[in-house]
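Asker:
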Amino acid sequence: MECPHLEESAKITAPSVKSENLPQQFTCSVCKTEKSPWICLCCGVVNCGRYVNGHARKHQEEDNARAHSVCMDCDSYSAFCYVCDEFVVNDTKGGHLEKLRKHLQSLNSPQSRLRDKSKRISQTDSVENNKRKKMKLDKDANPRSSGLRNLGNTCFMNAVLQSLSNIEEFCGYIKRLPSLEDQVYKMRKCHYAKRTKNGEDVLLVEELRKTLIALWQGTKTAISPDSLFSVIWQVVPRFRGYQQQDAHEFMRYLLDRLHTELLTLLPYPNDNSPFIGPKGKSTIVTAIFGGLLQNEVNCLICNMESKKHDPFLDLSIDIPIQYCSKTALKSKESEGRCKLTDCLTSFTDIEELEESELYMCSNCKKKQHSTKKFWIRRLPNHETRGSFSGSNLYDLAAVIVHHGSGAGSGHYTSYAIHKGVWYHFNDSNVTVCNEETVSRCKAYILFYVRREFKLPENIGVNNKLDD
1 MECPHLEESA KITAPSVKSE NLPQQFTCSV CKTEKSPWIC LCCGVVNCGR YVNGHARKHQ
61 EEDNARAHSV CMDCDSYSAF CYVCDEFVVN DTKGGHLEKL RKHLQSLNSP QSRLRDKSKR
121 ISQTDSVENN KRKKMKLDKD ANPRSSGLRN LGNTCFMNAV LQSLSNIEEF CGYIKRLPSL
181 EDQVYKMRKC HYAKRTKNGE DVLLVEELRK TLIALWQGTK TAISPDSLFS VIWQVVPRFR
241 GYQQQDAHEF MRYLLDRLHT ELLTLLPYPN DNSPFIGPKG KSTIVTAIFG GLLQNEVNCL
301 ICNMESKKHD PFLDLSIDIP IQYCSKTALK SKESEGRCKL TDCLTSFTDI EELEESELYM
361 CSNCKKKQHS TKKFWIRRLP NHETRGSFSG SNLYDLAAVI VHHGSGAGSG HYTSYAIHKG
421 VWYHFNDSNV TVCNEETVSR CKAYILFYVR REFKLPENIG VNNKLDD
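For the sequence shown, position 9 (counting from the first letter as 1) is numbered 9 according to full-length UniProt numbering, and the numbering increases by one without interruption.
#1: So the alpha helix (DSSP H) A67 belongs to, where does it begin and stop?
#2: Tell me whether the beta-carbon of R257 lies closer than 8 Å to the beta-carbon of L204.
#3: Short check: CB of S165 to CB of C171, under 8 Å?
#4: Can you give me the C-alpha to C-alpha distance between T413 and C155, rounded to a whole angstrom?
#5: Among S306, V83, F447, N392, whose alpha-carbon lies nearest the alpha-carbon of E296?
#6: Cβ of F229 within 8 Å of Cβ of L292?
#7: Among F453, Y444, E436, F425, which residue has its Cα nearest to the Cα of G147?
#8: Look at the Cβ atom of L41, then the Cβ atom of V83, and state whether they are nearer than 8 Å.
#9: Suppose only complete runs of 3+ residues qualify. What are the beta strand (DSSP E) ranges in the region 370-441, listed by chain order?
#10: Spatial neighbours of C28 within its chain, please: C-beta separation below 6 Å, excluding the five flanking residues on both sides.
#11: If you draw a straight line from the C-alpha of I12 to the C-alpha of C43, how long is it?
#12: Check for me: the beta strand (DSSP E) holding C171 runs from which residue to which?
#13: Helix, strand or coil: which one does DSSP assign to K308?
#14: Please identify the residue among Q234, G410, M304 whose C-alpha is closest to the C-alpha of Y444.
#15: Quick one: grab the DSSP three-state call for C155.
#16: If I measure Cβ to Cβ from F26 and keep anything under 8 Å in the same chain, skipping five residues before and after, which residues do I get?
#17: Which stretch, first to last residue, makes up the alpha helix (DSSP H) that contains F453?
#18: Tell me, to the nearest whole angstrom, how far the beta carbon of H259 is from that of T283; I am working on the premise that it is less than 8 Å.
#19: Terminal residues of the continuous alpha helix (DSSP H) containing L204?
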């Protein structure tokens, strides 16, 4: 958003940020942590972000609120205003933020890091050397630690990407796809020849493939998904700009687009290719996330029953009113935790349609009072509704959490499990956490994976290829 406090708050200049204080070496002035450092644009003090110990926010509250309201992330270089409680997308008339970003990026260049490293080595004793070696060994042992830089209110995208990257079957399939650069080149030639619409000469699946590969290489603390975000702007115009967006809405657009592209690109001409794709209308997207709902409407006058089947990639379920209404919260009804099964039961309960939703009964030949009920006819990655057994078990794989009020504002982070270890992804920062922390979070999107997961043969994944 356009921040009205920026001109008043942005006072420090690029040269005032000393070269010996590289962004990755910035430490909180209060707790001395190096996690999530934010620099105040008014006085230059560095403190940790709200998802560490929140000293940057406390600094703003203790001093003049407006003067110290804007700070910059020393990792992603995104600016945030605590008064607006939003990321800042505008700049001062003199381009203050852009100059500071360039200065921080120059300090974070390989040449600067090399000079700083040489200086530190000469000043560090053997104990510190051993500590650095141990940190390197820890990093090598855990290559899955790359974050995603916030490009300006892109936390909604980062949270979704980190969650999908930890759906092993989905991520593995996309990474194993061959490079689609040739297809992109041909599409662009066609675009210039036929003057096709914008967005028809790019492939989202190709940029996603590159991003997932970079994430799993683990060679960088954080990567910048600029190219992917640029393609998203082209194929889904509603996400253009740096405004905060709804993570759930973005995920739906992303999966729909991937499904459409894969249907167009696969199968490949080479019959011997391990990536020979769908023989019908199924792709990796529908194979993993696709399910089937049965919408059943019953006329209360003649008992005529109408059934309709609708495919789904996700289920939007409400929290039962007894767990969230103001009246219920004050009563004993609200005691106890709301379970996922409670939400699913409420989702499939019979409900009577309102006067404005009267059903046109084919038997009565007019609109009548009726009831509606949803059945989950087929679960994701499941054959039939009746095959309930041990294979019907699902494990939690990832969680997206929304911090703040309103899905189109605030901040998104995600949790995901990899090899039995839970991680918290907060844009550029990735930290290990325990299961108890995940269980306490206020989930916005939950990703479950079937325990006995098996991809259909016609999807064409070569399981012999390594991830």
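From the three backbone atoms N, C-alpha and C, an ideal C-beta is built for every residue, glycine too.
If you're wondering where the values come from, they're calculated on a predicted model, not measured in any experiment.
Answerer: Taking the definition as stated:
#1: Numbered from its first residue, the sequence shown carries residue 67 at position 67. Element bounds for A67: n/a, residue is neither H nor E.
#2: Position 257 of the sequence shown, counted from the start, is the residue given in the question as residue 257. Position 204 of the sequence shown, counted from the start, is the residue given in the question as residue 204. Taking 8 Å as the cut-off, the beta carbon of R257 is found closer than this to the beta carbon of L204.
#3: For the purposes of this step, residue 165 is taken as the residue at position 165 of the sequence shown. For the purposes of this step, residue 171 is taken as the residue at position 171 of the sequence shown. Cβ atoms of S165 and C171: closer than 8 Å.
#4: Translated into positions along the sequence shown, residue 413 becomes position 413. Translated into positions along the sequence shown, residue 155 becomes position 155. One alpha carbon belongs to T413, the other to C155, and they sit about 7 Å apart.
#5: Residue 296 sits at position 296 when you count from the first residue of the sequence shown. Just measuring C-alpha positions, the residue of S306, V83, F447, N392 sitting nearest E296 is S306.
#6: One-based indexing of the sequence shown puts residue 229 at position 229. One-based indexing of the sequence shown puts residue 292 at position 292. No, the pair does not count as a contact, with Cβ atoms beyond the cut-off.
#7: Counting from 1 along the sequence shown, the entry for residue 147 is found at position 147. With distances taken between Cα atoms, G147 lies closest to F425.
#8: To locate residue 41, count along the sequence shown from 1; it is residue 41. To locate residue 83, count along the sequence shown from 1; it is residue 83. Judged by their CB atoms, L41 and V83 are not nearer to each other than the 8 Å cut-off.
#9: The region 370-441 contains these whole beta strand (DSSP E) runs: 370-378, 394-403, 411-418, 421-426, 429-433.
#10: For this step, residue 28 is matched to residue 28 along the sequence shown. Cβ neighbours of C28 beyond the five flanking positions: N47, C48, H55.
#11: Numbered from its first residue, the sequence shown carries residue 12 at position 12. Numbered from its first residue, the sequence shown carries residue 43 at position 43. Rounded to whole angstroms, I12 to C43 spans 6 Å at the Cα level.
#12: The residue given as residue 171 occupies position 171 in the sequence shown. No beta strand (DSSP E) contains C171, which is instead part of the alpha helix (DSSP H) from 168-176.
#13: In the sequence shown, residue 308 corresponds to position 308, counting from 1. Strand at K308.
#14: The count along the sequence shown starts at 1 and reaches residue 444 at position 444. Y444 has its Cα closest to that of G410, out of Q234, G410, M304.
#15: Residue 155 sits at position 155 when you count from the first residue of the sequence shown. It is helical.
#16: In the sequence shown, counting from the first residue as 1, residue 26 sits at position 26. So the qualifying residues of the chain are E34, P37, I39, V46, C74.
#17: What you label residue 453 is simply residue 453 of the sequence shown in a count that begins at 1. Counting along the chain, no alpha helix (DSSP H) covers F453, and no H or E run does either.
#18: Residue 259 sits at position 259 when you count from the first residue of the sequence shown. Residue 283 sits at position 283 when you count from the first residue of the sequence shown. Contact annotation, H259 with T283: C-beta distance approximately 5 Å; criterion of less than 8 Å satisfied.
#19: Reading the sequence shown from its first residue, position 204 is the one you call residue 204. For L204, the enclosing alpha helix (DSSP H) begins and ends at 204-217.
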